[in-house]
Amino acid sequence: AGRATMMAMGRRWMATRFRRKEDFYTKERVTDVLKAKAIGARSRAFFKLEQINDSYKIIRTGMFVVDLGAAPGGWSVAASQLLRADEIESRQRQAPSSGQDVGGERSRSKGRVISCDLLDMAGIPGTTFIKGDFTDDQVRARILQECSEGGGVDVVLSDMAPNCCGDAQIDHMRIIELARLAHEFSLSCLKPNGSFLVKIFNGKEMPEYLAEVKNTFQNVQFVKPPASRPVSSEMYILARKLKAN
1 AGRATMMAMG RRWMATRFRR KEDFYTKERV TDVLKAKAIG ARSRAFFKLE
51 QINDSYKIIR TGMFVVDLGA APGGWSVAAS QLLRADEIES RQRQAPSSGQ
101 DVGGERSRSK GRVISCDLLD MAGIPGTTFI KGDFTDDQVR ARILQECSEG
151 GGVDVVLSDM APNCCGDAQI DHMRIIELAR LAHEFSLSCL KPNGSFLVKI
201 FNGKEMPEYL AEVKNTFQNV QFVKPPASRP VSSEMYILAR KLKAN
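Using full-length UniProt numbering, read the sequence shown as starting at 1 and increasing by one per residue.
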(Lines of atoms letter the chains of each structure in order from A and count residues from 1; the text may use other names and numbers.)
(Lines give C-alpha, C1' and ligand atoms only; values in the text may rest on other atoms or scores of the structure.)
Protein backbone atom coordinates (compact mmCIF):
# COMPACT_ATOMS: atom_id res chain seq x y z
CA ALA A 1 0.00 0.00 0.00
CA GLY A 2 2.87 2.33 0.85
CA ARG A 3 4.48 1.76 -2.53
CA ALA A 4 1.20 2.39 -4.35
CA THR A 5 0.74 5.63 -2.42
CA MET A 6 4.24 6.79 -3.33
CA MET A 7 3.67 5.97 -7.01
CA ALA A 8 0.38 7.88 -6.98
CA MET A 9 2.08 10.87 -5.35
CA GLY A 10 4.81 10.71 -7.98
CA ARG A 11 2.29 10.71 -10.81
CA ARG A 12 0.47 13.68 -9.30
CA TRP A 13 3.75 15.57 -8.88
CA MET A 14 4.73 14.89 -12.51
CA ALA A 15 1.29 15.93 -13.76
CA THR A 16 1.43 19.15 -11.74
CA ARG A 17 4.94 19.90 -12.97
CA PHE A 18 3.90 19.28 -16.60
CA ARG A 19 0.86 21.55 -16.24
CA ARG A 20 2.99 24.29 -14.72
CA LYS A 21 5.49 24.03 -17.58
CA GLU A 22 2.70 24.12 -20.16
CA ASP A 23 1.09 27.08 -18.37
CA PHE A 24 4.44 28.89 -18.43
CA TYR A 25 4.94 28.40 -22.16
CA THR A 26 1.31 29.27 -22.89
CA LYS A 27 1.67 32.54 -20.96
CA GLU A 28 4.99 33.18 -22.72
CA ARG A 29 3.38 32.70 -26.15
CA VAL A 30 0.48 35.00 -25.26
CA THR A 31 2.93 37.66 -24.03
CA ASP A 32 4.94 37.42 -27.26
CA VAL A 33 1.80 37.68 -29.39
CA LEU A 34 0.70 40.80 -27.51
CA LYS A 35 4.18 42.31 -27.89
CA ALA A 36 4.14 41.53 -31.61
CA LYS A 37 0.76 43.22 -32.07
CA ALA A 38 1.88 46.25 -30.07
CA ILE A 39 4.80 46.95 -32.45
CA GLY A 40 3.06 45.85 -35.65
CA ALA A 41 5.22 42.75 -35.96
CA ARG A 42 2.35 40.49 -37.19
CA SER A 43 3.62 37.31 -35.49
CA ARG A 44 5.94 35.88 -32.83
CA ALA A 45 8.32 34.92 -35.65
CA PHE A 46 9.41 38.57 -35.71
CA PHE A 47 11.23 38.08 -32.40
CA LYS A 48 12.94 34.88 -33.55
CA LEU A 49 14.61 36.58 -36.51
CA GLU A 50 15.38 39.67 -34.46
CA GLN A 51 17.10 37.54 -31.80
CA ILE A 52 19.04 35.51 -34.36
CA ASN A 53 20.20 38.68 -36.07
CA ASP A 54 21.23 40.22 -32.75
CA SER A 55 23.61 37.29 -32.30
CA TYR A 56 24.85 36.69 -35.85
CA LYS A 57 24.30 39.96 -37.78
CA ILE A 58 23.26 38.21 -40.99
CA ILE A 59 20.99 41.07 -42.11
CA ARG A 60 22.42 44.56 -42.42
CA THR A 61 21.41 47.85 -44.00
CA GLY A 62 21.02 47.79 -47.79
CA MET A 63 21.04 44.00 -48.24
CA PHE A 64 18.85 41.91 -50.57
CA VAL A 65 16.79 39.33 -48.65
CA VAL A 66 14.44 36.55 -49.79
CA ASP A 67 11.84 35.35 -47.26
CA LEU A 68 10.23 31.97 -48.03
CA GLY A 69 7.08 30.95 -46.16
CA ALA A 70 6.60 34.59 -45.28
CA ALA A 71 2.92 34.94 -44.25
CA PRO A 72 1.70 36.57 -42.11
CA GLY A 73 4.88 38.61 -42.43
CA GLY A 74 6.78 38.48 -39.14
CA TRP A 75 10.17 37.81 -40.71
CA SER A 76 9.57 40.16 -43.64
CA VAL A 77 8.72 43.00 -41.24
CA ALA A 78 11.82 42.27 -39.15
CA ALA A 79 14.04 42.05 -42.23
CA SER A 80 12.60 45.26 -43.70
CA GLN A 81 13.30 47.13 -40.48
CA LEU A 82 16.83 45.73 -40.22
CA LEU A 83 17.58 46.68 -43.82
CA ARG A 84 16.48 50.23 -43.15
CA ALA A 85 17.85 50.64 -39.62
CA ASP A 86 20.46 53.26 -40.48
CA GLU A 87 18.01 55.22 -42.63
CA ILE A 88 15.33 55.22 -39.92
CA GLU A 89 17.81 56.29 -37.24
CA SER A 90 19.14 59.07 -39.45
CA ARG A 91 15.69 60.40 -40.28
CA GLN A 92 14.66 60.27 -36.62
CA ARG A 93 17.72 62.35 -35.68
CA GLN A 94 17.01 64.87 -38.44
CA ALA A 95 13.29 65.26 -37.67
CA PRO A 96 12.66 64.04 -34.12
CA SER A 97 9.40 65.94 -33.75
CA SER A 98 8.07 65.95 -37.30
CA GLY A 99 5.37 63.41 -36.53
CA GLN A 100 6.13 61.51 -39.74
CA ASP A 101 5.58 57.75 -39.82
CA VAL A 102 9.10 56.58 -40.60
CA GLY A 103 8.00 53.06 -41.44
CA GLY A 104 4.98 54.03 -43.47
CA GLU A 105 6.61 54.66 -46.82
CA ARG A 106 8.80 52.68 -49.18
CA SER A 107 12.45 52.66 -48.19
CA ARG A 108 14.75 54.97 -50.13
CA SER A 109 17.72 52.79 -49.23
CA LYS A 110 18.87 49.98 -51.51
CA GLY A 111 17.67 47.27 -49.12
CA ARG A 112 14.99 44.98 -50.49
CA VAL A 113 12.94 41.97 -49.41
CA ILE A 114 11.22 39.48 -51.70
CA SER A 115 8.59 37.47 -49.81
CA CYS A 116 6.78 34.34 -50.98
CA ASP A 117 3.90 32.36 -49.52
CA LEU A 118 0.79 30.43 -50.49
CA LEU A 119 -1.30 32.74 -48.32
CA ASP A 120 -2.05 36.39 -48.87
CA MET A 121 0.05 38.93 -47.00
CA ALA A 122 -0.51 42.65 -46.46
CA GLY A 123 2.07 44.97 -48.00
CA ILE A 124 5.31 45.87 -46.21
CA PRO A 125 7.51 48.87 -47.13
CA GLY A 126 10.46 47.84 -49.27
CA THR A 127 9.04 44.35 -49.85
CA THR A 128 7.89 42.60 -53.03
CA PHE A 129 5.36 39.84 -52.35
CA ILE A 130 4.95 36.84 -54.66
CA LYS A 131 1.91 34.70 -53.89
CA GLY A 132 2.40 31.07 -54.83
CA ASP A 133 3.47 27.57 -53.86
CA PHE A 134 7.25 27.49 -53.52
CA THR A 135 7.25 23.80 -54.49
CA ASP A 136 5.98 24.87 -57.94
CA ASP A 137 8.80 25.26 -60.48
CA GLN A 138 7.14 28.29 -62.05
CA VAL A 139 6.88 30.09 -58.72
CA ARG A 140 10.56 29.50 -57.98
CA ALA A 141 11.39 30.76 -61.48
CA ARG A 142 9.45 33.97 -60.79
CA ILE A 143 11.39 34.56 -57.58
CA LEU A 144 14.70 33.89 -59.33
CA GLN A 145 13.74 36.36 -62.04
CA GLU A 146 13.19 39.02 -59.38
CA CYS A 147 16.50 38.09 -57.76
CA SER A 148 18.41 38.38 -61.03
CA GLU A 149 17.41 42.04 -61.27
CA GLY A 150 19.07 42.81 -57.95
CA GLY A 151 22.58 41.54 -58.65
CA GLY A 152 22.45 38.59 -56.27
CA VAL A 153 20.91 37.83 -52.90
CA ASP A 154 22.60 38.39 -49.54
CA VAL A 155 20.29 36.30 -47.34
CA VAL A 156 17.75 33.53 -47.98
CA LEU A 157 15.34 32.94 -45.10
CA SER A 158 13.06 29.91 -44.95
CA ASP A 159 10.46 29.71 -42.21
CA MET A 160 8.41 27.33 -44.37
CA ALA A 161 6.59 24.55 -42.56
CA PRO A 162 4.09 21.94 -43.75
CA ASN A 163 0.50 21.74 -42.57
CA CYS A 164 1.33 19.57 -39.56
CA CYS A 165 -0.69 16.38 -39.23
CA GLY A 166 0.32 15.58 -35.64
CA ASP A 167 2.60 12.69 -36.59
CA ALA A 168 6.07 13.94 -35.66
CA GLN A 169 7.86 11.72 -38.17
CA ILE A 170 5.62 12.67 -41.10
CA ASP A 171 5.84 16.36 -40.20
CA HIS A 172 9.63 16.01 -39.97
CA MET A 173 9.89 14.40 -43.41
CA ARG A 174 7.69 17.08 -44.97
CA ILE A 175 9.65 19.99 -43.56
CA ILE A 176 12.92 18.37 -44.67
CA GLU A 177 11.51 18.29 -48.23
CA LEU A 178 10.78 22.01 -48.01
CA ALA A 179 14.19 22.69 -46.47
CA ARG A 180 15.89 20.84 -49.34
CA LEU A 181 14.05 22.98 -51.88
CA ALA A 182 15.04 26.12 -49.98
CA HIS A 183 18.68 24.98 -49.82
CA GLU A 184 18.74 24.25 -53.56
CA PHE A 185 17.17 27.64 -54.23
CA SER A 186 19.74 29.43 -52.06
CA LEU A 187 22.58 27.93 -54.09
CA SER A 188 21.12 29.39 -57.27
CA CYS A 189 20.85 33.00 -56.08
CA LEU A 190 23.14 33.74 -53.11
CA LYS A 191 26.25 35.86 -53.34
CA PRO A 192 29.49 34.06 -52.31
CA ASN A 193 29.36 35.57 -48.81
CA GLY A 194 25.61 35.07 -48.49
CA SER A 195 23.70 33.45 -45.63
CA PHE A 196 20.97 30.80 -45.54
CA LEU A 197 18.67 30.41 -42.52
CA VAL A 198 16.18 27.54 -42.56
CA LYS A 199 13.68 26.08 -40.11
CA ILE A 200 13.56 22.34 -39.53
CA PHE A 201 12.01 19.88 -37.07
CA ASN A 202 14.42 17.52 -35.35
CA GLY A 203 14.25 13.93 -36.61
CA LYS A 204 16.11 11.07 -38.27
CA GLU A 205 16.67 12.89 -41.60
CA MET A 206 18.25 15.89 -39.94
CA PRO A 207 21.90 14.61 -39.92
CA GLU A 208 21.74 13.85 -43.64
CA TYR A 209 20.24 17.25 -44.42
CA LEU A 210 22.85 18.94 -42.24
CA ALA A 211 25.60 17.15 -44.18
CA GLU A 212 24.11 18.39 -47.47
CA VAL A 213 24.21 21.98 -46.23
CA LYS A 214 27.75 21.57 -44.89
CA ASN A 215 28.86 20.36 -48.32
CA THR A 216 27.95 23.73 -49.80
CA PHE A 217 28.60 26.27 -47.01
CA GLN A 218 31.74 26.99 -45.03
CA ASN A 219 30.10 27.84 -41.71
CA VAL A 220 27.06 25.84 -40.57
CA GLN A 221 25.48 25.73 -37.11
CA PHE A 222 22.25 25.10 -35.24
CA VAL A 223 20.39 28.11 -33.86
CA LYS A 224 17.61 28.11 -31.26
CA PRO A 225 16.45 31.67 -30.46
CA PRO A 226 14.87 32.33 -27.03
CA ALA A 227 11.49 33.04 -28.69
CA SER A 228 11.43 29.41 -29.91
CA ARG A 229 10.02 27.21 -27.13
CA PRO A 230 12.66 24.91 -25.58
CA VAL A 231 10.21 21.98 -25.61
CA SER A 232 9.58 22.37 -29.35
CA SER A 233 11.40 20.24 -31.94
CA GLU A 234 11.68 23.40 -34.05
CA MET A 235 15.21 24.58 -34.68
CA TYR A 236 17.09 26.55 -37.30
CA ILE A 237 20.19 25.88 -39.35
CA LEU A 238 22.29 28.92 -40.15
CA ALA A 239 24.72 28.51 -43.06
CA ARG A 240 27.16 31.22 -44.14
CA LYS A 241 29.66 31.69 -46.98
CA LEU A 242 29.24 29.43 -49.99
CA LYS A 243 32.03 26.98 -50.74
CA ALA A 244 33.77 27.39 -54.07
CA ASN A 245 32.55 24.98 -56.74
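Heads up, the beta-carbon is just placed ideally off N, CA and C, and yes, glycines get one too. Just so you know, these numbers come straight off a predicted model, no measurement behind them.
Best match in the options for proximity to residue i [C-alpha to C-alpha]
i, options, result
"residue 193", "45, 118, 63 and 165", "63"
"residue 212", "47, 131 and 177", "177"
"residue 235", "111, 73, 159 and 83", "159"
"residue 125", "172, 209, 226 and 111", "111"
"residue 162", "195, 67, 225 and 133", "133"
"residue 221", "206, 229 and 167", "206"
"residue 189", "61, 50, 114 and 54", "114"
"residue 73", "48, 85 and 56", "48"
"residue 67", "244, 245 and 117", "117"
"residue 191", "152, 146 and 51", "152"
"residue 44", "244, 225 and 214", "225"
"residue 55", "138, 245 and 238", "238"
"residue 61", "81, 46, 51 and 52", "81"
"residue 179", "166, 199 and 245", "199"
"residue 85", "119, 70 and 50", "50"
Whole-number beta carbon distance between residue j and residue i, since they are thought to touch under 8 Å
i, j, result
"residue 181", "residue 135", "6 Å"
"residue 58", "residue 83", "The Cβ separation is near 12 Å, so there is no contact."
"residue 242", "residue 201", "Actually they do not touch by this definition, with Cβ atoms about 25 Å apart."
"residue 223", "residue 155", "In fact, because the Cβ distance is near 14 Å, the residues do not count as touching under 8 Å."
"residue 240", "residue 186", "Contact flag wrong, Cβ pair sits at about 11 Å."
"residue 128", "residue 146", "6 Å"
"residue 121", "residue 71", "5 Å"
Which residues DSSP lists as bridging residue i, in chain order
i, result
"residue 219", "240"
"residue 112", "64"
"residue 199", "236"
"residue 158", "68 and 198"
"residue 118", "Answer is none; residue 118 lacks a bridge partner."
"residue 131", "117"
"residue 153", "190"
task: Take every Cβ of the segment 139–152, pair it with every Cβ of the segment 73–88, and state whether three or more of those distances are shorter than 8 Å.
output: no
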